[in-house]
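In this text, residue positions in the sequence shown follow UniProt numbering: the first is 1, and each later residue adds one.
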Amino acid sequence: MIIEPELAYYVTLRATDEEIIFLKHLLEEDTKKHVITNFFHTDDFHFHRQVAKYARNDILENLLTTILEQLSADEYGNFNKFVDNSIKMDSFNDHMSVFQAIQKRDPLLAKDIMYRHLFARMKVINPDYGTNLTHSEKIRDIRLEQSEQQK
1 MIIEPELAYY VTLRATDEEI IFLKHLLEED TKKHVITNFF HTDDFHFHRQ VAKYARNDIL
61 ENLLTTILEQ LSADEYGNFN KFVDNSIKMD SFNDHMSVFQ AIQKRDPLLA KDIMYRHLFA
121 RMKVINPDYG TNLTHSEKIR DIRLEQSEQQ K
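Quick look at the structure:
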């Protein structure tokens, strides 16, 4: 959740025009695969890998590659086969939105969309994901308010 939004930010600043065209080509190929397989095609990691590569941060690219390889080898690779097609479509649309932000060279938008994309994927895997974070944010706000009142 921390790595990829930053990579999306930097790819908008560092990718060449040719690399952006290649990202577009990847998504066009995904569109064809999704039409043919009715969204049974589940490997969307190549888009994430290319974003990491074009962000030109070798450490984060290597870290992300390791994470994605682990996910592919683990149950996540099979899990996505059973996800509802509408959720797969949402994920694909997120990729398109990230790409559009990259194409517009809007790093903050690309970062925000990537974060929302990953958060949504985490919610698919674990529906309770983020509920503790929301609760923690409420507690933080209460503590900040109490701190201000004590001043």
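Backbone N, C-alpha and C fix where the C-beta goes; we use that ideal spot for every residue, glycine too.
Asked	Found
Would you grab the beta carbon distance between V11 and Y76 for me? Rounded to a whole angstrom, and I think it's under 8 Å.	Rounded, the Cβ-Cβ distance is 23 Å, inconsistent with contact.
From what residue to what residue does the alpha helix (DSSP H) around N93 run?	85-103
Would you tell me roughly how many angstroms separate the C-alpha atoms of E19 and L26, rounded to the nearest one?	11 Å
According to the Cβ coordinates, are A110 and A15 closer than 7 Å?	no
Starting from E75, follow the alpha helix (DSSP H) in both directions and report where the run begins and ends.	That residue, E75, is in no alpha helix (DSSP H); it is neither H nor E in DSSP.
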